[in-house]
DNA sequence: CATCGATGGTACTGATCAGTAACATTGCTT
DNA sequence: AAGCAATGTTACTGATCAGTACCATCGATG
């Protein structure tokens with residue numbers, strides 16, 4: 715019974731800590747959240763936290779790694795939702811990001827925010843951030859190419875910048891700014907982009 | 715003589731403080747820089763700083779206001795450089811931003827960064843940031859319209875997001891990312907955008 | 001010279017925070 | 001029941017930092 719309760723309401727402390735970290739770090743920023751606040755929000759204490767993460771920096775890195783993995787799983791989802799349809803996958807992803815920008819908390823991309831907050835080039839989180847963004851861009855280029863557009867790299871870069879810019883705008887201009895029109899803008903971009911002349915095998 | 719030296723090497727403390735704040739706040743982030751560090755870098759002390767700025771938050775707001783004013787002065791420069799030539803002004807501005815993205819410190823837009831670092835919606839700096847970004851967008855829409863493009867608002871929004879995204883990318887993906895191709899991408903966007911059929915009075 | 005305002009310097013308060021030590025407790029396994 | 005590993009609890013250290021009190025100094029002005 716106590717076991718059941720633990721099973722349901724209390725996952726292992728490491729998970730609870732990461733869940734709390736996600737909420738607080740994202741909402742308030744990395745610097746504004748103390749280790750103690752996370753431990754308390756995770757219904758545990760600082761000691762247990764430090765038994766799972768050797769420092770706050772490592773907790774931050776773990777938090778960002780988790781987010782990156784989750785974001786990258788979205789590509790898999792897109793493939794499953796629109797198998798064999800690169801254009802459909804592309805639009806699915808853009809819609810998802812766009813919806814997130816609309817309904818989200820207005821705090822933009824957690825990875826990008828972390829990059830802003832962490833000025834030190836040596837911080838362990840920087841590797842995570844940079845690697846993630848690079849993979850995202852590579853995936854995007856590949857998908858745009860697969861969808862048959864004539865110049866996949868510039869087009870993918872434009873889409874990439876639109877997405878990054880939109881998420882950033884939410885924080886500076888607010889929800890009413892151009893960030894809220896992300897999908898429409900991306901759609902217009904795709905519509906006017908020329909496709910390769912039928913190359914399909 | 716002492717007066718001359720003061721005139722040359724030592725501007726009034728308020729200016730020195732703002733100059734130091736610009737360097738340190740931009741390079742290391744708002745939270746990472748102490749008031750003391752700024753005072754020392756400004757060759758003065760905390761007391762004098764607090765005689766000119768009632769709190770660190772106000773210093774931050776002043777720092778951002780100064781940057782915003784400086785950024786907005788760029789529109790004036792564009793008008794002077796290409797009088798009566800909206801298209802030329804537009805491209806001049808895009809080139810300037812693009813060059814900044816290339817040669818800059820890789821820390822992106824100070825105003826946007828501040829918005830990331832300041833999560834509290836009540837912070838005095840948020841008004842500065844939001845107002846600035848709004849004006850920038852309005853100016854951009856007006857300029858794109860003046861340049862004769864058929865659908866000025868969406869085009870201006872796309873450009874706006876490209877610029878914001880590029881500056882953000884410098885921090886997350888680094889200098890080699892798509893942020894470094896800002897002008898080429900914006901140029902392609904403008905080239906493929908239809909113009910209004912001659913309407914000029 | 002006297003005065004006054006602005007500035008410099010020092011030392012402090014109070015608060016927050018990362019990280020640790022030492023001990024108590026719980027729950028599972030044998 | 002005994003033992004063990006993970007977790008909870010409390011209290012602490014050392015450091016940093018925003019903001020202030022108090023006094024010294026300097027430069028201009030009368």
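Protein chains in written order, with the numbering used here: chain A, 715 to 915; chain B, 715 to 915.
Even glycine gets a Cβ: it sits at the ideal position worked out from N, Cα and C.
No experiment lies behind these values; they were computed from the predicted model shown.
(request) Pair every Cβ in the segment 880-895 of chain A with every Cβ in the segment 836-846 of chain A, then say whether three or more of these pairs are closer than 8 Å. (result) no
(message) Taking only three categories from DSSP, how would you classify residue 717/A?
(response) Unreliable positioning characterises residue 717/A in this predicted model, as indicated by a pLDDT of 37, which lies under 50. A coordinate reading is not provided.
(message) Which residues does DSSP list as the beta-bridge partners of residue 865/B?
(response) Answer is none; residue 865/B lacks a bridge partner.
(request) Say whether the segment 860-869 of chain B touches the segment 797-805 of chain B, bearing in mind that this needs 3 or more beta-carbon pairs closer than 8 Å, one atom from each stretch. (result) yes
(message) Can you tell me whether residue 911/A is buried or exposed? The criterion is at least 16 other CB atoms within 10 Å of its CB, across all chains shown.
(response) exposed
(request) Go to residue 838/A, then tell me how far its alpha helix (DSSP H) extends in each direction, as first and last residue. (result) Unbroken alpha helix (DSSP H) run through residue 838/A: 838-860.
(message) Pull the bridge partners of residue 909/B from the DSSP assignment, please.
(response) 863/B
(request) Report, in whole angstroms, the separation of the C-beta atoms of residue 877/A and residue 867/A, which I expect to be a contact under 8 Å. (result) In fact, because the Cβ distance is near 16 Å, the residues do not count as touching under 8 Å.
(message) Applying the 10 Å Cβ sphere with the 16-neighbour rule, what's the burial state of residue 724/B?
(response) exposed
(request) Go ahead and pull the three-state DSSP assignment for residue 744/A. (result) coil
(request) State yes or no: is the C-beta of residue 756/A within less than 8 Å of the C-beta of residue 793/A? (result) no
(request) Going by CA-CA distance only, name the one from 909/A, 741/A and 832/A that's closest to residue 822/A. (result) 741/A
(message) I'd like to know if the segment 823-838 of chain B and the segment 774-784 of chain B are in contact, where contact means that at least 3 CB-CB pairs between them fall below 8 Å.
(response) yes
(request) Find the residues of chain A that neighbour residue 877/B, judging by a C-beta separation of less than 8 Å, and give them in chain order. (result) Within 8 Å Cβ-Cβ: 879.
(message) Please list, in chain order, the chain A residues whose beta carbon lies closer than 8 Å to that of residue 868/B.
(response) Chain-ordered, the chain A residues with CB closer than 8 Å to the CB of residue 868/B read 895, 898, 899 and 902.
(message) On the criterion of 16 or more Cβ atoms from any shown chain inside 10 Å, does residue 812/B qualify as buried, or is it exposed?
(response) buried
(message) So, under 8 Å CB-CB, residue 852/B and residue 903/B are touching, yes? Tell me the CB distance rounded to an integer number of Å.
(response) With 8 Å as the limit, residue 852/B and residue 903/B do not qualify as a contact, their Cβ atoms being about 19 Å apart.
(request) Would you mind working out which of 834/B, 820/B and 836/B sits nearest residue 832/A, comparing C-alpha positions? (result) 820/B
(request) Using a cut-off of 8 Å between C-beta atoms, extract the partners of residue 843/A located in chain B. (result) 886
(message) Please state the DSSP three-state secondary structure of residue 749/B.
(response) helix
(message) List, in chain order, every chain B residue whose beta-carbon is nearer than 7 Å to that of residue 906/A.
(response) 906
(message) Which residues in chain A have a C-beta closer than 7 Å to the C-beta of residue 892/B? List them in chain order.
(response) 851, 871, 874 and 875
(request) Would you list, in chain order, the members of the segment 741-775 of chain A that have their beta-carbon closer than 8 Å to a beta-carbon of chain B? (result) 741, 742, 743, 745 and 746
(request) Evaluate residue 765/B with the Cβ neighbour count: other Cβ atoms within 10 Å of its Cβ, from every protein chain shown; 16 or more gives buried, anything less gives exposed. (result) So residue 765/B ends up on the exposed side.
(message) For residue 869/B, tell me which candidate among 727/B, 905/B, 847/B and 849/B has the shortest Cα-Cα distance.
(response) 905/B
(message) Suppose you measure from the CA of residue 806/A to the CA of residue 745/B; what does that come to, to the nearest Å?
(response) Computed Cα separation, rounded: 38 Å.
(request) Grab me the residues of residue 909/B's own chain with a C-beta within less than 7 Å of its C-beta, minus the 5 sequence neighbours each way, in chain order. (result) 862, 863 and 864
(request) Quick one: residues in its chain with C-beta nearer than 8 Å to the C-beta of residue 874/B, no 5 flanking neighbours on either side, listed in chain order? (result) 850, 851 and 854
(request) For residue 883/A, I'd like the list of residues in its chain whose CB is within less than 7 Å of its CB, leaving aside the five on either flank, ordered along the chain. (result) 891, 892 and 893
(message) Helix, strand or coil, according to DSSP, for residue 832/A in the structure here?
(response) In the three-state DSSP reduction, residue 832/A falls in the coil class, being neither helix nor strand.
(message) I need the straight-line Cα distance from residue 747/A to residue 816/B, nearest angstrom please.
(response) Cα to Cα, the separation comes out at about 33 Å.
(message) Which complete alpha helix (DSSP H) runs does the segment 749-773 of chain A hold, if anything under 4 residues is left out?
(response) Entirely contained in the segment 749-773 of chain A, the alpha helix (DSSP H) runs reaching 4 residues are, in chain order, 749-755 and 760-766.
(request) Measure the CB-CB distance between residue 773/B and residue 735/B and report whether it falls below 8 Å. (result) yes
(request) Grab the span of the alpha helix (DSSP H) containing residue 656/A for me, first residue to last. (result) With chain A covering 715 to 915 only, the question about residue 656/A has no answer from this structure.
(request) Say whether chain A places a C-beta atom closer than 8 Å to the C-beta of residue 825/B. (result) yes
(request) Write down the C-beta distance between residue 750/A and residue 760/A rounded to the nearest angstrom, noting that I regard them as a contact closer than 8 Å. (result) 6 Å
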